[in-house]
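In the numbering used here, the protein residues as written are 756 to 936.
Here is the structure:
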């Protein structure tokens, strides 16, 4: 997998951003990750649309969308499915109709390859999560096996810790003391 401290790979991809006719799709680029607004990015990947574990995670990220926004963090979901498959899934799944973040389509798998998160047999993305700082640098990576959903609260906890820019001990949570040396 791509290493911590590396620049997030350059990309330009189509994403589903709405169910409103004529406003469904938007292009998202890695250029938006680098900013002077101190805005972070959290990109999480799932293996396939129209599956069982994936919508539980996507719905949980959506339920915590305001938590990410409160931390000045853009949330982007992604898989190697096409934007049309994403749109069909959103239209056909109750938990996905009201998503507040984009569903990025990496149909060419070029971004998943650059991140080195493709499962070798099926060529689908692992459940990988990336936290990227405002300079476009990867500050945290987590990956789960295909059968195990991730913990969104842990993603938020790590984001909080990274944003302190201080030493945070094991099990540290926002509001607790950081370490002093």
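For each residue, glycine too, the CB sits at the ideal point set by N, CA and C.
Because the structure is a prediction, the values reported are computed rather than measured.
Integer-rounded CB distance, given that residue 835 should sit under 8 Å from residue 864: Walking along the chain shown from the start, residue 864 turns up at place 109. Walking along the chain shown from the start, residue 835 turns up at place 80. That belief holds up - the Cβ atoms of residue 864 and residue 835 are roughly 5 Å apart, short of 8 Å.
How is residue 811 classed by DSSP in three states: helix, strand or coil? Against the chain shown, residue 811 aligns to sequence position 56. Helix.
Beta bridge counterpart(s) of residue 834 as assigned by DSSP: The sequence position of residue 834 within the chain shown is 79, counting from 1. The partner list for residue 834 (beta bridge, DSSP) reads 860.
Are the CB atoms of residue 831 and residue 796 within a distance shorter than 9 Å? Here residue 796 refers to the residue found at position 41 when the chain shown is read from its first residue. Here residue 831 refers to the residue found at position 76 when the chain shown is read from its first residue. Yes, Cβ-Cβ distance for residue 796 and residue 831 is below 9 Å.
Which whole-angstrom value describes the C-beta separation of residue 769 and residue 838, a residue pair presumed to lie in contact below a C-beta threshold of 8 Å? Reading the chain shown from its first residue, position 14 is the one you call residue 769. Reading the chain shown from its first residue, position 83 is the one you call residue 838. Yes, they are in contact, since the Cβ atoms of residue 769 and residue 838 sit about 5 Å apart, within 8 Å.
Tell me which residues share the same chain as residue 815 and place their Cβ nearer than 6 Å to its Cβ, disregarding the 5 neighbours each side in the sequence. As a position in the chain shown, residue 815 is number 60, starting the count at 1. Excluding residues within five positions, the ones whose Cβ falls inside 6 Å are 907.
The beta strand (DSSP E) enclosing residue 894, as first and last residue numbers: As a working note, residue 894 is residue 139 in the chain shown. Note, residue 894: beta strand (DSSP E), 893-899.
Excluding the 5 residues preceding and the 5 following residue 781 in the sequence, name in chain order all residues of the same chain whose CB lies nearer than 7 Å to its CB. Looking up residue 781 in the chain shown gives position 26. Excluding positions up to five away in sequence, the list reads 770, 772 and 857.
Once you ignore the five residues that flank residue 811 on each side, which residues in its own chain have a CB closer than 7 Å to its CB? The residue labelled residue 811 in the question sits at position 56 within the chain shown. Result list for residue 811: 904, in chain order.
Can you confirm whether the stretch 846-856 touches the stretch 817-824 when touching is taken to mean that 3 or more C-beta pairs between the two stretches lie within less than 8 Å? yes
Whether residue 813 touches residue 850 by CB criterion (9 Å): Locating residue 813 in the chain shown gives position 58, where the first residue counts as 1. Locating residue 850 in the chain shown gives position 95, where the first residue counts as 1. Yes; because the gap between Cβ atoms is below 9 Å, this pair is in contact.
Please state the DSSP three-state secondary structure of residue 927. Residue 927 sits at position 172 when you count from the first residue of the chain shown. Coil at residue 927, not helix or strand.
Going by other Cβ atoms of all chains shown within 10 Å of its Cβ, with 16 needed for buried, is residue 871 buried or exposed? Numbered from 1 along the chain shown, position 116 holds the residue referred to as residue 871. By the 10 Å Cβ count, residue 871 comes out exposed.
Who are the near neighbours of residue 931 in its chain, counting only those whose CB is closer than 7 Å to its CB and skipping five residues on each side? Residue mapping note: residue 931 aligns to position 176 of the chain shown, counting from 1. Cβ within range, chain order: n/a, list empty.
So residue 794 and residue 893 are in contact, right, with Cβ under 8 Å, and what is the actual spacing, rounded? Locating residue 794 in the chain shown gives position 39, counting from the first residue. Locating residue 893 in the chain shown gives position 138, counting from the first residue. So it is not a contact: roughly 15 Å between Cβ atoms.
Have a look at residue 789 and residue 888 and give me their C-alpha separation to the nearest angstrom. On the chain shown, residue 789 is found 34 positions in, with the first residue counted as 1. On the chain shown, residue 888 is found 133 positions in, with the first residue counted as 1. Between residue 789 and residue 888, the C-alpha separation is close to 8 Å.
Return the CA-CA distance between residue 880 and residue 934, expressed in angstroms with no decimal places. The count along the chain shown starts at 1 and reaches residue 880 at position 125. The count along the chain shown starts at 1 and reaches residue 934 at position 179. Their Cα atoms are separated by approximately 36 Å.
DSSP three-state call for residue 826: helix, strand or coil? Locating residue 826 in the chain shown gives position 71, where the first residue counts as 1. Coil.
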